[in-house]
Amino acid sequence: MGFQTLELRIEGSLAIILLNRPQALNAINLAMVGELEQAVRQVRDDSGVRVVVITGAGDKAFAAGADITEFKAMSPIDAWMFVQRLQRLFLEIERLPKPVIAAVNGYALGGGCELMMACDMIYASDAARIGQPEINLGIIPGAGGTQRLARLIGKQRAKELVLTGEMIGAQEAWGLGLLNKVVPADQLMVEVRKLADKLATKAPLAIKAAKEAIEDGYDMALERALAHEAQLFGLCFATEDRAEGVNAFLEKRPPKFKGK
Ligand code: DAK
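This is how it looks when you write it as structure tokens:
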């Protein structure tokens, strides 16, 4: 499928979604939202894809936010509809039944930071700059920034970032618990590929169940969440991969999972 604002590369079991508007620091415009929706559905439905990586083209930005130039003439209703569409897209990414890694190769601001936070794991270059600068435009984050950020780093620290609009460096973001790993810029994709290769060897249905248990359970009361976990745990025992995993351990060999 030909995309204008992004590239979708399938390399074996790895899908790489490259946000590709480097002249605008990969700002997320309406066309990119539409193409991201298509790309995300394509990788979701491709059973050969085991891991998804989202990154930005060029060496400056992951994504410097939503495209500010497009919003000048938007009505409040348009704005409401637009951010709801972005929220749905980011929820779809968060809910993909396979791991999604953000490879943050530079600025991750506003909508870029919100996209990053919808991913399961975040690796960043040591040159990355992260923030929610919407306050400087007279608005607030609208694609999950006030919610996912507070859940990830706590209310107090989220308020500091959202109310000041200031950017922080990758090391500071790591210290806040926002990133999984910070690596030298030239090692970012090497490290991301290592993580992706590791994840691609795991049992796909167990990966799906683990993601569901964590995502669904996060906002439930503990007792209910534990019951949900127990049901998903039981469901894993219906898979061929569970038998393969146990047999491989007992036979002292690496398992070969099929996603069945
Ligand atoms: N949108 C559009 N273009 C952008 C952009 C953005 N978010 N960020 C950068 N660019 C463009 C710049 O305009 C410039 O274009 P040209 O002038 O070359 O044509 C090019 O990318 C390179 O940027 P700079 O020349 O500014 O590069 P610097 O290295 O000097 O500065 C920077 C990098 C990241 C510090 C700076 O570009 C910057 O502050 N960018 C804006 C960051 C930001 O505020 N992001 C938006 C967060 S708010 C909504 C309304 C708004 C939103 C959502 C919904 N509705 C009404 C529905 C906004 C949400 C956000 O994400």
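Residue numbers for the sequence shown follow the UniProt record's numbering, so the first one is 1 and each next one is one higher. Cβ coordinates follow ideal geometry from the N, Cα and C atoms, glycine included.
Per DSSP, cross-strand counterpart(s) of R129 | Within the DSSP secondary-structure output, R129 pairs in a beta bridge with Y107, G169.
Using only alpha-carbon positions, find the residue among G142, I139, G2, E7 that is nearest to A57.
-> Measuring from the Cα of A57, the nearest candidate turns out to be E7.
With which residues is M116 paired in a DSSP beta bridge?
-> Note: M116 sits in no beta bridge, so no partner.
With respect to the alpha helix (DSSP H) encompassing E251, which residues constitute its N-terminal and C-terminal limits?
-> Element bounds for E251: n/a, residue is neither H nor E.
State yes or no: is the C-beta of G144 within less than 8 Å of the C-beta of Q84?
-> In this structure, Q84 does not lie closer than 8 Å to G144 by Cβ.
Own chain, CB closer than 6 Å to E134, minus 5 neighbours either side, in chain order | Answer for E134: G110, I140, P141, listed in chain order.
Ordered along the chain, which non-local residues of its own chain (more than five positions away) have a Cβ less than 7 Å from that of E67?
-> Per the sequence presented here, residue 67 reads as Asp, with Glu not at that position. Spatial neighbours of D67 in its own chain (CB-CB distance under 7 Å, excluding positions within 5 residues in sequence) are listed in chain order as A24, A27, I28, N29.
Nearest residue (CA-CA) to A99, options Y218, L232, R193 | The question names Ala, but residue 99 is Pro in the sequence shown. Nearest option by C-alpha distance: R193.
By C-beta, the residues closer than 6 Å to any heavy atom of ligand 1, given in chain order = With 6 Å as the limit between CB and the heavy atoms of ligand 1, the residues that fall short of it are A24, L25, A27, A64, G65, A66, D67, I68, T69, F71, M74, A79, F82, V83, Y107, L109, G110, G111, P133, E134, L137, I139, G142.
Beta-ladder partner(s) of Y123, from DSSP | In DSSP, Y123 forms a bridge with A103, K181.
Taking the continuous beta strand (DSSP E) assigned at V51, which residues delimit it?
-> Run containing V51: 51-56, per the beta strand (DSSP E) assignment.
CB of E244 within 8 Å of CB of P254, strictly | The answer is no: Cβ separation not under 8 Å.
Determine the extent of the alpha helix (DSSP H) in which L195 is found, giving its start and end residues.
-> Residues 188-200.
Just mark G106 as buried or exposed, buried being the case when its beta carbon has 16 or more other beta carbons within 10 Å.
-> With 16 or more Cβ atoms within 10 Å of its Cβ, G106 is classed as buried.
Starting from the Cα of M117, find the closest Cα among P76, I54, L226 and give me that residue.
-> Distances from the CA of M117 to each of P76, I54, L226 were compared; the closest alpha carbon is that of I54.
Best match in E212, D126, G165 for proximity to V183 [C-alpha to C-alpha] | V183 has its Cα closest to that of D126, out of E212, D126, G165.
For residue 289, count neighbouring C-beta atoms within 10 Å of its own C-beta (all shown protein chains included) and say buried if the count is 16 or more, exposed if not.
-> The requested residue 289 is not part of the displayed model; the chain covers only 1 to 260.
Measuring CA to CA, which of M74, N136, M32 is closest to F90?
-> Comparing Cα positions, the closest option is M32.
Would you give the residue range spanned by the beta strand (DSSP E) that Q224 belongs to?
-> The sequence as given places Arg at residue 224; Gln does not occur at that position. R224: not part of any beta strand (DSSP E); member of the alpha helix (DSSP H) spanning 222-236, first to last residue.
Beta-carbon proximity check, L188 vs I122, cutoff 8 Å | Going by C-beta atoms, L188 is not nearer than 8 Å to I122.
To the nearest angstrom, report how far apart A15 and Q38 are at their CA atoms.
-> Taking the straight line from one Cα to the other gives about 13 Å.
Nearest CA to the CA of Y218: which residue from G259, G234, E94, E70?
-> Ranking G259, G234, E94, E70 by Cα distance to Y218 puts E94 first.
With a CB to CB cut of under 6 Å and the five nearest residues on each side skipped, what residues in its chain are close to E240?
-> Excluding residues within five positions, the ones whose Cβ falls inside 6 Å are K260.
Run through DSSP, which three-state label would A203 get?
-> Coil, per DSSP.
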